[in-house]
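Heads up, the thing below is written out as structure tokens.
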Amino acid sequence: MPQELCHLALRQTLDLIGLTDEALKDLTRRKFNSDELYHEVLGKLLGGNGRRGPHGILIANEGPGAVCCNGRVFHLQHGELLERSDQITIEPGSTYASSLLMVEGGSEAVALNWSDSCASIEEFQTFFHPQVVAAMGEPILNFVSCRISGDVRGVIEAFNYAGHVTEYDADVLRSAAVMIGSLLTVSNGMRETEHAFHYTIHALARACEAAEPDTGRHIVRVNRYAGALAANMGFNTEFVDDISLSAQMHDVGKIRIPTEILLKEGRLTPREMKLVRQHPAYGSEIIGDSPRLRIAREIAISHHENWDGTGYPKRLKGERIPISGRIVKVADVYDALRSRRSYKGAMTHEETLDVFRNGDNRINPAAHFDPAVLAAFFRIEHMFEMIYDSSVLKLGLGRAVDPAKIK
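In terms of full-length UniProt numbering, the sequence shown has 218 at position 218, counting the first letter as 1, and numbering is strictly consecutive.
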């Protein structure tokens with residue numbers, strides 16, 4: 001085998017190792033799904049831009065009970081864009097399945113050139129599903145096929161390497177198959193763990209809201225408001241996802257406030273008010289020091305701080321207040337104004353906008369809100385109204401409900 005081809009195969013394998021390392025770093029954040037992983041892997045395998053590789057690749061996954069194999073053909077267009085065919089279904093008993101190594105236990109990569117087994121190129125085409133041949137857009141002259149094992153079982157098949165397909169090409173494809181199977185197995189486990197984590201966070205947040213009206217819906221709306229604000233302000237996807245999950249933890253400290261105080265009608269006594277104002281600190285203590293809950297902890301401790309330093313519990317001022325807390329403050333105040341409480345009625349969207357513009361006896365927008373967050377709120381205030389109204393309609397089982405009647 002020429003040294004140049006060996007070097008190219010080694011470089012492709014190192015690219016795959018680098019991708020594996022990056023994917024493992026991302027697993028704790030669940031940043032990719034199978035389609036995204038395929039996109040990354042195949043982009044490094046397919047030929048072009050000075051790389052040796054096939055012109056097209058079929059990724060096929062076994063269906064439940066291995067009753068069929070569903071896949072798509074990927075190829076590069078103009079050396080850059082990864083394209084996909086429509087879904088192709090291959091029955092395991094069909095003549096087209098022979099090249100897919102769908103027999104149980106198949107693990108080695110198989111490399112085959114048309115001249116190794118057929119009298120003509122035309123005869124070689126009969127090995128492959130007609131949709132695969134059509135998706136390639138050219139006669140298939142050679143292929144390498146390797147089984148993908150793990151939670152997502154299937155096969156990866158690469159077509160039309162330059163010249164003859166070699167054992168080095170088979171080694172690269174085998175490495176890709178092992179990487180795909182391993183990472184998807186770990187990724188699926190991490191996804192399940194992340195789902196359990198989200199459920200736990202939501203359950204804890206709902207427990208903290210149980211004593212107040214509109215149980216659960218307030219925290220869902222605040223999540224959505226906060227995510228919309230963060231996205232409109234240009235924050236990256238990771239931060240938007242974090243705040244969209246963590247905002248619901250803003251009042252977790254209320255679990256340590258007596259219910260009779262939370263539901264008291266009328267003005268609180270100075271002692272009661274002092275106790276209520278401890279809930280941000282209580283929330284921070286309850287959430288703890290886990291790095292995974294950093295944003296939730298910031299929100300809990302800072303969402304009652306004011307831009308001018310007159311808030312609580314630490315009287316932080318300006319940008320000393322975490323941006324997550326500044327965003328959730330706007331989201332929380334909007335929903336509080338729109339919602340009925342034991343001590344107040346509900347406002348309409350228009351009345352709430354007036355408070356955000358001109359203030360009232362409790363709220364001074366210029367003094368209390370980060371100007372950048374407030375500006376973002378006015379850019380998307382219609383989204384806030386839609387989020388709130390959607391929640392109210394669900395509460396009314398599809399019928400419009402007067403917010404003032406929600407108890």
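Just so you know, even glycine gets a beta-carbon here, dropped at the ideal spot from N, CA and C.
Item: Just checking my contact of residue 388 with residue 221 at CB under 8 Å: how many whole Å lie between their CB atoms?; Value: 6 Å
Item: Measure the CB-CB distance between residue 352 and residue 338 and report whether it falls below 8 Å.; Value: yes
Item: Nearest by alpha-carbon distance to residue 376: which of 251, 233, 384 and 390 is it?; Value: 233
Item: Rounded to the nearest angstrom, what separates residue 310 and residue 86 at their Cα positions?; Value: 60 Å
Item: Rounded to whole angstroms, what is the Cα-Cα separation between residue 175 and residue 144?; Value: 12 Å
Item: With a CB to CB cut of under 8 Å and the five nearest residues on each side skipped, what residues in its chain are close to residue 415?; Value: Any question about residue 415 goes unanswered here, given that the chain covers just 1 to 407.
Item: Less than 8 Å between the beta carbons of residue 332 and residue 250, yes or no?; Value: yes
Item: In chain order, which alpha helix (DSSP H) runs of at least 4 residues are fully inside the segment 254-330?; Value: 259-262, 270-276, 279-287 and 294-302
Item: Of the residues 390, 296 and 184, which one's Cα is nearest the Cα of residue 149?; Value: 184
Item: So, helix, strand or coil for residue 164, using DSSP?; Value: coil
Item: Start and end of the beta strand (DSSP E) containing residue 75?; Value: 69-77
Item: Please state whether DSSP places residue 58 in a helix, a strand or coil.; Value: strand
Item: Can you list, in chain order, the residues of its chain with a C-beta nearer than 8 Å to that of residue 170? Leave out the 5 residues immediately preceding and following it.; Value: 109, 110, 111, 144 and 146
Item: Could you have a look at residue 154 and say whether DSSP puts it in helix, strand or coil?; Value: strand
Item: From this set, 70, 63 and 75, which residue's C-alpha is nearest residue 55's C-alpha?; Value: 75
Item: Please work out which residues of its chain come closer than 7 Å, Cβ to Cβ, to residue 334, disregarding the five sequence neighbours upstream and downstream, and give them in chain order.; Value: 225, 352 and 384
Item: Is the beta carbon of residue 316 closer than 8 Å to that of residue 298?; Value: no
Item: For residue 89 and residue 284, what's the separation of their Cα atoms in angstroms?; Value: 53 Å
Item: Using beta-carbon positions only, say whether residue 281 and residue 248 come within less than 8 Å of one another.; Value: no
Item: Measure the beta-carbon distance from residue 132 to residue 73 and round it to whole angstroms, keeping in mind my assumption that it falls under 8 Å.; Value: 6 Å
Item: Which residues does DSSP pair with residue 146 in a beta bridge?; Value: 156
Item: How far does the beta strand (DSSP E) with residue 112 in it reach, from first residue to last?; Value: 110-113
Item: Please report the distance separating the alpha-carbon of residue 308 from that of residue 326.; Value: 12 Å
Item: Where does residue 91 sit, in a helix, a strand or coil, going by DSSP?; Value: coil
Item: Sort out for me which residues DSSP pairs residue 123 with in a bridge.; Value: BP columns for residue 123 are empty, so no partner.
Item: Is it buried or exposed, residue 378, if we count other Cβ atoms within 10 angstroms and call 16 or more buried?; Value: exposed
Item: Determine the direct distance from the alpha carbon of residue 187 to that of residue 255, and round the result to whole angstroms.; Value: 35 Å
Item: From residue 374 to residue 330, what does the alpha carbon distance come to, in whole angstroms?; Value: 7 Å
Item: On the criterion of 16 or more Cβ atoms from any shown chain inside 10 Å, does residue 38 qualify as buried, or is it exposed?; Value: buried
Item: Count the other C-beta atoms from every protein chain shown that fall within 10 angstroms of the C-beta of residue 290, then say buried if there are 16 or more, exposed otherwise.; Value: exposed
Item: Residues in its own chain within less than 6 Å of residue 71 by CB, not counting five upstream and five downstream?; Value: 58, 59, 60 and 88
Item: Helix, strand or coil for residue 362 per DSSP?; Value: coil
Item: According to the neighbour-count rule (16 or more other Cβ atoms, all chains shown, within 10 Å of its Cβ), is residue 136 buried or exposed?; Value: buried
Item: Between the alpha carbons of residue 53 and residue 238, how many angstroms are there, rounded?; Value: 34 Å
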